[in-house]
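**Student:** Everything in the sequence shown is counted per the numbering used here, starting at 7 for the first residue and increasing by one.
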Amino acid sequence: MAGVSQDNEAAEKGPEGSSTEAVPGDTTISRVKLLDTIVDTFLQKLVAGKSYERFASCYKHLHQLNPEATRWIYDKFVAQLQTSIREEISEIKEEGNLEAVLNSLDKIIEEGKDRGETAWRPSGIPEKDLCSVMAPYFLKQQDTLCRQVQKQEAKNQELAEAVLAGRRQVEELQQQVQAVQQTWQASSTQRAEGAVVGAKGTRVRSPRAESSRSPVEHLWSQFPGSDEAPSTAQVLVGSDYLQLPATIFCLQEWDSHPGHQTPGFVSWSCSQHCPMPS
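1. DSSP state of TYR65, grouped into three classes?
2. DSSP on GLY102, reduced to helix/strand/coil?
3. Taking the alpha helix (DSSP H) that VAL45 falls in, what are its first and last residues?
4. Look at the Cβ atom of GLU105, then the Cβ atom of LYS99, and state whether they are nearer than 8 Å.
5. Can the beta-carbon of LEU111 be found less than 8 Å from the beta-carbon of VAL38?
6. Out of curiosity, what's the CA-to-CA distance linking THR89 and SER57?
7. Would you report the Cα separation of ILE35 and ILE79, rounded to the nearest angstrom?
8. Is DSSP giving ASN72 helix, strand or coil here?
9. Using only alpha-carbon positions, find the residue among LEU49, PRO73 and GLU94 that is nearest to GLU59.
10. Could you tell me the distance, in whole angstroms, from the CA atom of LEU68 to the CA atom of LEU52?
11. Check this for me: beta carbons of LEU49 and ILE91, under 8 Å apart or not?
12. Helix or strand or just coil, what does DSSP make of GLU93?
13. Buried or exposed: which applies to ALA239, given that a residue is buried once 16 or more other Cβ atoms fall within 10 Å of its Cβ?
14. Please say whether ALA85 and THR76 have beta carbons closer to each other than 8 Å?
15. Ordered along the chain, which non-local residues of its own chain (more than five positions away) have a Cβ less than 7 Å from that of TYR65?
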C-alpha cells in the first residue's frame, strides 16, 4: 500500500525533468483549447516518474537479461499509447463536432453576460413549467390569427362595398330603361291619338286640289248639305257616315275596284242607284 501511494504521488508531481502546464483559471480561454490542455496533461501523467520501474517489475526476467531492450520496449509502448489516445480523441471530436459546439457555447456565454434578465429555469412543477413555456407561443399564435382576421374583414368590407355599388348601378340602369319605356309609350299614344283626330277632322283643299277633284268627289258634292266628299277611310271609320245612301257604298266599291280609273265603270256603277250629274 505504501508503494502504491508513493507511485500516485509521483504521478501527480509529473515526470522528471518535465514541467506540467498549469490550466489557466481565466474563463476567457476557449473550451477547445481547454480540452487539448486536459488531454496533454493526462498523457504527461500517464508516463510519470517511476512508471518505467513499474513496467520493469512486470517483466523482471526480461529486464534482468536485457535492460536496454526493456527500456526500448517501454519507450515504444508509451509513444504508441500516446499516439493512439490522441487519434481516438481526435475522432471523437470530429464525430461529435465538439469544436463547433464548444465555440457556440463560448459565444452563448459571452452573450449572456450582457443580458440583464435571468434565463429560464424549471420550477419543479410540471404544470407551471408547461404554462411558462407554451403560453408565449400560444399568445404569439393568437396575435397572428387576430391580424389575419382583421385583414380578411377589411377585404370582406371592400367586397361588400363593391357589391353595393354594382347594385346601385343596376338600379340606375333599370330606372333609365323604365324612363325610356315610358317616353316611348307616351310618344306612341300621342301618335295614335293624332292619327285618329286627323281621320275625323276636315281637310282643307287647296285650289289645285279643288280643280283636280275625282269623279267620286264631284258626285258627292251634288248631294245637298255635303260640301266635301269623305275619303274611303272616313267612310269606313267615321261614325257620321254610317247612315249614307246606297250611292256611297257604290262609290266605296268603285274606289276599291282595280278598274276604278275607267270612266265607263263609274257611269255604269252609279247609274243603277243615282243619275250622274250633267
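Even glycine gets a Cβ: it sits at the ideal position worked out from N, Cα and C.
**Tutor:** Quick look at the numbers:
1. Mapped onto the sequence shown, residue 65 falls at position 59. Of the three classes helix, strand and coil, the one that applies to TYR65 here is coil, per DSSP.
2. For the purposes of this step, residue 102 is taken as residue 96 along the sequence shown, with counting starting at 1. Under the three-state reduction of DSSP output, GLY102 falls in the helix class.
3. Here residue 45 refers to the residue found at position 39 of the sequence shown. Start and end: 37-52.
4. Working through the sequence shown from its first residue, we reach residue 105 at position 99. Working through the sequence shown from its first residue, we reach residue 99 at position 93. Cβ atoms of GLU105 and LYS99: closer than 8 Å.
5. Here residue 111 is taken as the residue at index 105 of the sequence shown, counted from 1. Here residue 38 is taken as the residue at index 32 of the sequence shown, counted from 1. Contact flag unset, no.
6. Here residue 89 refers to the residue found at position 83 when the sequence shown is read from its first residue. Here residue 57 refers to the residue found at position 51 when the sequence shown is read from its first residue. CA-to-CA, the gap between THR89 and SER57 works out to about 18 Å.
7. The residue given as residue 35 occupies position 29 in the sequence shown. The residue given as residue 79 occupies position 73 in the sequence shown. If I take the Cα positions, the gap works out to 38 Å.
8. Mapped onto the sequence shown, residue 72 falls at position 66. Reduced to three states, the DSSP call for ASN72 is coil.
9. Along the sequence shown, one-based indexing puts residue 59 at 53. Looking at the Cα atoms, PRO73 is the closest of the given residues.
10. Against the sequence shown, residue 68 aligns to sequence position 62. Against the sequence shown, residue 52 aligns to sequence position 46. The straight-line gap from Cα to Cα measures roughly 23 Å.
11. To locate residue 49, count along the sequence shown from 1; it is residue 43. To locate residue 91, count along the sequence shown from 1; it is residue 85. In this structure, ILE91 lies closer than 8 Å to LEU49 by Cβ.
12. Taking the sequence shown and counting its residues from 1, the one referred to as residue 93 is at position 87. DSSP places GLU93 in helix when its eight states are reduced to three.
13. Here residue 239 refers to the residue found at position 233 when the sequence shown is read from its first residue. Because ALA239 carries a pLDDT of 40, less than 50, the predicted location of this residue cannot be relied on, and the following value inherits that uncertainty. It counts as exposed.
14. Against the sequence shown, residue 76 aligns to sequence position 70. Against the sequence shown, residue 85 aligns to sequence position 79. Not a contact, by the Cβ cut-off of 8 Å.
15. Along the sequence shown, one-based indexing puts residue 65 at 59. For TYR65, where only same-chain residues beyond five positions count, the Cβ hits under 7 Å are THR76.
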